[in-house]
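Take a look at the structure below.
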Amino acid sequence: MEGFDPKTSFGYEVSQRYDDDPRGDEAETVEFLARLAGQRDALELAVGTGRIALPLRGAGVRVDGIELSQDMVDRMREKPGGDQVDVTMGDMSRVTTGRTYGLVYLVFNTIGNLLTQEDQVRCFQNAAGHLTEDGVFVLECRIPTAPSRPGHQYLDTEQVGLDHVDLDAGRYDPLTQILDLNHIRISSKGIRLSPIRLRLAHPPEFDLMARLAGLRLRERWGGWKGEPYTAASWRHISVYERDR
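Sequential numbering of the sequence shown, starting at 1, is according to the UniProt record's numbering.
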């Protein structure tokens, strides 16, 4: 995607509307993570606006964060309790908080924001470096469904409303595993573009990344409610532990 810079893709405008369309599974996510954390501290990679970190803290878990975008952190600080999450600014594949945690987690396909396999491996290594001996790393990500149309391009209608239409225009490069995607909203207010670039990977590749980081898969689910992971699952929630 010409001109796309992942370092600025979550700037002020995105931060102000990021929470406008919640996924609807936040409560289940928090319950799952709180159960794993128990009485231990947690670290969220790419903590963003605190969509998960704040309710998880409300559930009694101390949460720190790592985040690249100051605008996203500023938005979190505006929320009740948003000043109680310690955030280390920087690349989630490289920076460290200097602490270890019983739970490290990375949700909502965000590992795809790291655009090379090397950086994604480094992210696993960084997560492992933040874990206590009995800690776990939780990764949530969609199962890639690369377009099979000519040129690996597509245009999908995501939502049709009375006053707006949401479209997704994408192009996938099977050689680099990079998906260039633009979320397009057409409404009476005009046209809004929300571009994103992601590196797609399937669960077995993530499992190998975990091995390289000294971790192993403990369990994998198809949803935050403990749904089985099957061939029909559209996402995976993978729990990794140290490979003893």
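All residues carry an ideal CB built from backbone N, CA and C; glycine is no exception. All of these numbers come straight from a predicted model, not from anything done at the bench.
Closest Cα partner of residue i within the set the options
| i | options | result |
| --- | --- | --- |
| Leu162 | Gln70, Arg185, Arg211 and Arg57 | Arg185 |
| Cys123 | Leu179, Glu44, Thr29 and Phe4 | Glu44 |
| Arg158 | His152, Asp166 and Gly151 | According to the sequence provided, residue 158 is Glu. The question's Arg does not apply to it. It is Asp166. |
| Ala231 | Leu217, Ile143 and Leu103 | Ile143 |
| Asp207 | Gly190, Leu139 and Ser188 | Leu139 |
| Gly222 | Arg192, Leu36, Cys141 and Ile191 | Cys141 |
| Glu67 | Val47, Gly81 and Asp86 | Val47 |
| Ser172 | Ile191, Gly151 and His183 | Before going on, a small fix: residue 172 reads as Tyr here, not Ser. With distances taken between Cα atoms, Tyr172 lies closest to Gly151. |
| Val61 | Pro22, Tyr105, Ser233 and Gly24 | Tyr105 |
| Trp234 | Met92, Leu36 and Asn109 | Asn109 |
Neighbourhood of residue i by C-beta, 8 Å cutoff - its chain only, sequence neighbours within 5 removed
| i | result |
| --- | --- |
| Arg220 | Pro203, Tyr229, His236, Ile237, Ser238 and Val239 |
| Gln84 | Arg57 |
| Tyr18 | Phe10, Gly48, Thr49, Arg51, Met72 and Arg75 |
| Thr116 | Arg199 |
| Pro22 | Arg51 |
Backbone CA spacing between residue i and residue j [nearest angstrom]
| i | j | result |
| --- | --- | --- |
| Gly11 | Gln70 | 8 Å |
| Thr49 | Phe32 | 20 Å |
| Leu181 | Gly3 | 13 Å |
| Asp74 | Leu131 | 27 Å |
| Ala210 | Lys189 | 45 Å |
| Val95 | Gln153 | 35 Å |
| His183 | Glu133 | 41 Å |
| Ile111 | Ser187 | 31 Å |
| Arg218 | Ala169 | 36 Å |
| Lys225 | Glu13 | 32 Å |
| Val121 | Gly90 | 17 Å |
| Arg99 | Leu36 | 18 Å |
| His164 | Asp41 | 42 Å |
| Asp5 | Ser15 | 16 Å |
| Glu205 | Thr8 | 27 Å |
Exposure of residue i, with buried meaning 16 or more beta-carbon neighbours within 10 Å
| i | result |
| --- | --- |
| Gly135 | buried |
| Ile196 | buried |
| Val160 | exposed |
| Gln177 | buried |
| residue 251 | What is shown of the chain runs 1 to 244, which leaves residue 251 out entirely. |
| Met72 | buried |
| Gly102 | buried |
| Met76 | buried |
| Leu193 | exposed |
Cβ shell of residue i (< 6 Å), same chain only, five flanking positions each side left out
| i | result |
| --- | --- |
| Ala213 | Phe124, Gln125 and Ala128 |
| Asp64 | Leu43, Asp86 and Thr97 |
| Thr88 | Ile66, Val95 and Thr97 |
| Asp25 | Trp224 |
| Phe137 | Val104, Ala127 and Tyr240 |
| Ile191 | none |
Contacting residues, own chain, Cβ-Cβ under 7 Å from residue i (five flanking each side not counted)
| i | result |
| --- | --- |
| Val107 | Thr29, Ile52 and Glu140 |
| Lys79 | Gly50 and Leu54 |
| Ala59 | Val30 and Ala34 |
| Glu227 | Trp221 |
Cβ separation of residue i and residue j, assumed to be a contact under 8 Å, to the nearest whole Å
| i | j | result |
| --- | --- | --- |
| Gly38 | Arg57 | 15 Å between Cβ atoms; not a contact. |
| Arg244 | Leu215 | So it is not a contact: roughly 10 Å between Cβ atoms. |
| residue 246 | Leu155 | Because the chain here runs from 1 to 244, residue 246 falls outside it and cannot be looked at. |
Min CB distance residue i to chain C below 8 Å
| i | result |
| --- | --- |
| Asp207 | As a matter of chain content, chain C is missing from the structure shown, which is built from one protein chain. |
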